[in-house]
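Residue numbers (the working numbering), protein chains in the order written: chain P, 31 to 446; chain H, 31 to 446.
2 protein chains.
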Amino acid sequence: MSPANPAGAAGVRLWGVSHSDYVRPLAELAVNFCANVRPGQVVAVSSEPGKEQIARAVAEVAYERGAKFVDLSVFDPHFKRARVQHADPATLDYVPPWIGERVLALGEHRAARIVLTGPIAPHLMDGLDPVRVGKDMLPRVKESSAVVNARTTNWTIVPCPTPGWADLVHPGLEPAQALDRLWRGVAHVCRLDELDPVSAWVGRLDRLIEIAAKLGALRLDAVRLQGPGTDLTVGLLPSARWLAARFTTIDGIEHVPNVPTEEVFTSPDPDRVDGVVRATKPLFTAGALITGLRVRFERGRAVEIDADRGAGTLRSLAQRDDGAARLGELALVDRESRIGALDTVFFETLLDENAASHIALGHAFEFAAEDEQDRQRLNRSEIHIDFMVGSNDVAVTGRTKDGAELPILQDGVWQI
Amino acid sequence: MSPANPAGAAGVRLWGVSHSDYVRPLAELAVNFCANVRPGQVVAVSSEPGKEQIARAVAEVAYERGAKFVDLSVFDPHFKRARVQHADPATLDYVPPWIGERVLALGEHRAARIVLTGPIAPHLMDGLDPVRVGKDMLPRVKESSAVVNARTTNWTIVPCPTPGWADLVHPGLEPAQALDRLWRGVAHVCRLDELDPVSAWVGRLDRLIEIAAKLGALRLDAVRLQGPGTDLTVGLLPSARWLAARFTTIDGIEHVPNVPTEEVFTSPDPDRVDGVVRATKPLFTAGALITGLRVRFERGRAVEIDADRGAGTLRSLAQRDDGAARLGELALVDRESRIGALDTVFFETLLDENAASHIALGHAFEFAAEDEQDRQRLNRSEIHIDFMVGSNDVAVTGRTKDGAELPILQDGVWQI
């Protein structure tokens, strides 16, 4: 699950449908279904330059629905580049307190939060010192995790196509065609090409929740992933809860934090992760592209991080704090995922993580354990970085407390 | 003086000079001279969609100069339009507390503040109910006045050309030519076409400060403006200070709050303003264009507000609070102003107010009076709206406590 990360579109045609024909449906899905904005709520919109068309549609739909105020916050990665290049390295982890205070205030105000994701300038950090890049965690702030875990906001992250992102995903195409194809992919995986996108999502979410309930009923002690370059055993806490991405706030507002979502997930025992894992998809995080990632874990800690490209950035992030080298999430994805079926690498966690089973370094979901004692043991960190480790070639097996082994996913098909 | 208000450019040629050749000089002027950013400072940049090129140049120059953090805040007037159209009217004056708290925190952190001004979508509020438009004061928040008056931040407002603004100023031209001409005008009035813009500004500011000192030495009791449609007497407080736009923070940082600046100004006695005044330029405020403005004052209060267009918006604003119908500023501008000489209406207070003498409804400058007793009497309001009442046809006369009358400005030339 993608817990935080802060896309516009032009008017090019796809199947005789213009991009701009999808802007309003995407905004309606985000506001009315995913975030499920209630009348009278403040709605925070996290955007980036180039995503104005969708951000404005979100604001319009939110006000039509009765929002009290739509609060725009824009993160410009060019500011970050200038900082990483020129600022005193000792100041690179500084975050003005009001940025986190606003996030906490959104929780206190029981606001809705809508994050428009998708990289606008994916190569912007190329050539910069990865250690410096890794020190500046923005737009992520540690207060985001606190607000997610307090369940005080009905929030969602939705993808927003931009020309920069389109070029990354479809580098061989002309800009207009690349953007067209990215829009087509995003509309498909967001089920905007269904007659009734909301019904389609309700059906898929019901299925994911059913799987999560079955996994929970197995009371697994550990999960093992085996495939090319991967043999990793992830221990689970005794009261671990398996979840799917239909959340409810403490005020009873149902929301869907990630669209698209295709995963069932939990937070593991941070001390019981052992073995090696090879990422099955590239990862784009902290402004850097990481490909060919290999990680070895010992007693919960990532003790070796290698990659064909970008290892330095992830190593730097994993040294951020005590919990940064331990797991905060284990998520399973089956082959019915529309993203997996597309076989497109989007270089965007929100989409790619829903193509395949994945794990995340860093902060856990506190609601992923039933007992207070287990909740205290969950991993804590300022970071939460998902990376994809699953594919149809990676078998997932569960092990119960008494040592019984149960197939969970084989060839991408649920076995339970 | 323009106390608050939250520009981009394309690559069109002017005199064989590309717009983009002015982006960096404008950013350097803003950071190094106007705001006078000090190493280690947080720098807040207030921008709008379409002003990314200049905003990014400002961030880069600021980090090169040693800024600790450059904090971007983006106001999108399209969000405001959606709000005015669709939100519950009873909520239109709601501002989430964190917006003002951030401004106060900038003061506490002794931050630098750079505002990129210039309307990006000037006709956006056309056709909306002016009463509703007037209730939403954003991006202005009342905390801005408090921080200005506390002199805790070194701040500046600089103009940023955008296509939307260019179309407003030069509606007869093709978009590229209009933007070209606006850039040319802005570069000229910001003295970016001088070999050494900073020296040019130092010379002009020295002259304005000299005039302000002379006006202060006269200890005027009132100032009278007389011209076509105008006969207005503005009473001054006994310890009134005349100022020009070179400010010093409480920490001793000199800064130039408005560039361009061509004015000397004070804050008047809010109870002693009588007569009629006709605006000599259109006014663009709260997203609305106001033309042909006529205001009658009685004992300090604006008791009649009429206009050829947009009167409703200003009437609504003037009812905002107790001080909103009284004056917070009187500013005098001579004919040496580069803006006045251009004879271009920019529909942007920062520039137009520096073309001509002007008055402002709303909040006063607390440092415009020497004595605490007088400072207590200064006008207070959530609004501060400048409008232009001067021209070469408007004579300005001073009256001393003993009734002597002294010419101040005749035919746009200083008489003192």
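Idealized CB from N, CA, C, for every residue including glycine. All figures in this text were calculated on a predicted structure; none of them were measured in a lab.
Alpha-carbon spacing of residue i relative to residue j, whole angstroms
i, j, result
"P:Ala-89", "P:Ser-367", "30 Å"
"H:Lys-431", "H:Asp-336", "33 Å"
"H:Ala-275", "H:Glu-402", "22 Å"
"P:Ser-346", "H:Ser-175", "42 Å"
"P:Gly-433", "P:Leu-248", "12 Å"
"P:Val-28", "P:Arg-68", "The shown model of chain P, from 31 to 446, leaves out residue 28 of chain P, and the question about it has no answer."
"P:Val-424", "P:Val-61", "36 Å"
"P:Ala-141", "H:Ala-270", "46 Å"
"P:Leu-250", "P:Arg-308", "23 Å"
"H:Leu-59", "H:Ala-85", "13 Å"
"P:Arg-407", "P:Gly-305", "21 Å"
"H:Asp-352", "H:Ala-332", "11 Å"
"P:Ala-252", "P:Leu-266", "5 Å"
"H:Phe-99", "H:Ala-230", "30 Å"
"P:Lys-172", "P:Ala-97", "26 Å"
"H:Ile-150", "P:Asp-364", "47 Å"
"H:Met-167", "H:Asn-179", "19 Å"
"P:Ser-15", "P:Leu-238", "Past the boundaries of the shown model lies residue 15 of chain P; chain P is included only from 31 to 446, so the question cannot be answered."
Reduced DSSP category for residue i - H, G, I as helix; E, B as strand; rest coil
i, result
"H:Ile-129", "helix"
"P:Glu-239", "Reading off the sequence shown, one finds Ile at residue 239 of chain P, where the question assumed Glu. Three-state result, P:Ile-239: helix."
"P:Gly-358", "strand"
"P:Ile-369", "helix"
"P:Ile-84", "helix"
"H:Glu-435", "strand"
"P:Asn-62", "helix"
"P:Ala-74", "strand"
"P:Phe-327", "strand"
"P:Phe-54", "The sequence shown places Arg at residue 54 of chain P, not Phe. Looking at P:Arg-54 - three-state DSSP - the assignment turns out to be helix."
"P:Leu-122", "coil"
"H:Ser-269", "coil"
"P:Thr-183", "coil"
"H:Ala-348", "helix"
"H:Ala-34", "Its pLDDT being 41, under 50, H:Ala-34 is placed unreliably by the model, and the measurement read from it follows with that caveat. Coil, per DSSP."
"P:Ser-297", "coil"
"H:Gln-256", "strand"
"H:Gly-305", "strand"
"H:Leu-319", "strand"
"P:Pro-79", "coil"
"P:Pro-312", "coil"
"H:Pro-205", "helix"
C-beta neighbour in chain H for residue i, strict 9 Å
i, result
"P:Gly-448", "For residue 448 of chain P there is no data in the structure shown, the boundaries of chain P being 31 and 446."
"P:Ser-76", "no"
"P:Thr-374", "no"
"P:His-393", "no"
"P:Ser-103", "yes"
"P:Glu-82", "yes"
"P:Ala-117", "yes"
"P:Glu-131", "yes"
"P:Tyr-52", "no"
"P:Ala-135", "yes"
Cutoff 9 Å: residue i Cβ touching any chain P Cβ
i, result
"H:Ala-92", "yes"
"H:Trp-128", "yes"
"H:Asn-35", "For H:Asn-35, the predicted model reports a pLDDT of 36, less than 50, meaning its position is unreliable; a value from the coordinates is still stated below. Closer than 9 Å: no."
"H:His-153", "no"
"H:Asp-156", "no"
"H:Ala-142", "no"
"H:His-139", "yes"
"H:Ala-85", "yes"
"H:Thr-147", "no"
"H:His-108", "yes"
Do three or more CB pairs link the segment 352-362 of chain P to the segment 294-304 of chain P at distances below 8 Å?
yes
Should the segment 379-390 of chain P be regarded as contacting the segment 276-292 of chain P, the criterion being three or more beta carbon pairs within less than 8 Å?
yes
Touching or not, the segment 71-82 of chain P and the segment 139-157 of chain P, by the rule of three or more beta carbon pairs under 8 Å?
yes
Is the number of C-beta pairs between the segment 132-140 of chain H and the segment 107-120 of chain P that are closer than 8 Å three or more?
no
Can you give me, in chain order, the residues of the segment 174-203 of chain H that have a beta carbon less than 7 Å from any beta carbon in chain P?
none
Against chain P, which members of the segment 297-316 of chain H pass a CB distance test of less than 8 Å?
none
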